[in-house]
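Numbering (our numbering), first residue to last: -13 to 127.
Ideal Cβ placement from N, Cα and C applies to all residues, glycine included.
These numbers were taken from a predicted model, which means no experiment stands behind them.
Reading through the structure tokens given below for one structure.
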Amino acid sequence: MPGVTSTASEAQKAEHVVTMLLEKNIKMLALDFDQTLISVHTGGSWRQGAKSLVQHVRPCFAVLIPAMLRHNLFVTIATYSKQPELIQEVLQQAFPDSPTEKIVIQASTREWMEQQQRDSGGEILLSLKGTRSLSDLHASC
-13 MPGVTSTASE AQKAEHVVTM LLEKNIKMLA LDFDQTLISV HTGGSWRQGA
37 KSLVQHVRPC FAVLIPAMLR HNLFVTIATY SKQPELIQEV LQQAFPDSPT
87 EKIVIQASTR EWMEQQQRDS GGEILLSLKG TRSLSDLHAS C
């Protein structure tokens, strides 16, 4: 993967996390983009292109996301960024052998903001930070 390196240990941890998710019947992982999936903050207006962001993909996610997709688990990116096309390009370049078109990106686009004003429904967010395996994997990021 261009600009993304990971170790065998990280790959093992990612497989362990996927196994744990499957055992607990958890089917989706939602991630933030800025300073989570990548180690920098784009400010919502990144002008240096996707290629320059690929090198900032955290190694733990470089192995976890493909592992999740291989096991038909869902991955979504929830972000305040207004650049979903850039995020899609980063995903395609960072994970060229994975079906990145299956990753849902929910960005703060004008259309989404308008829909939020019309809708009154709430969102339920699950945090996996408390799970030991994910904490171990996160520590390696």
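When DSSP builds the beta bridges, which residues end up paired with residue 74? Paired residues: none, contrary to the question.
Span separating the alpha-carbon of residue 78 from that of residue 43: 12 Å
Residue from 38, 25, -7 and -6 whose Cα sits closest to the Cα of residue 76: The option with the nearest alpha carbon to residue 76 is 38.
How should residue 5 be labelled, buried or exposed, when 16 other C-beta atoms within 10 angstroms of its C-beta is the threshold for buried? exposed
Let me check understanding here. Comparing Cα to Cα, which of 99, 68, 85 and -6 lies closest to residue 19? 68
Whole-angstrom C-beta distance between residue 0 and residue 50, which should lie under 8 Å: 4 Å
Could you say which of 70, 98, 89 and 99 lies nearest to residue 14 if we only look at CA atoms? Out of 70, 98, 89 and 99, the CA that lies nearest to the CA of residue 14 is found in 89.
Report the partner residues of residue 91 according to the DSSP bridge assignment. Residue 91 is bridged to 63.
Counterpart residues of residue 24 in DSSP-defined beta bridges: 43
Could you give the distance in angstroms between the alpha-carbon of residue 24 and the alpha-carbon of residue 104? 31 Å
Taking the alpha-carbon positions, what's the residue 61 to residue 11 distance? 14 Å
Do you know offhand how far residue 33's Cα is from residue 72's? 9 Å
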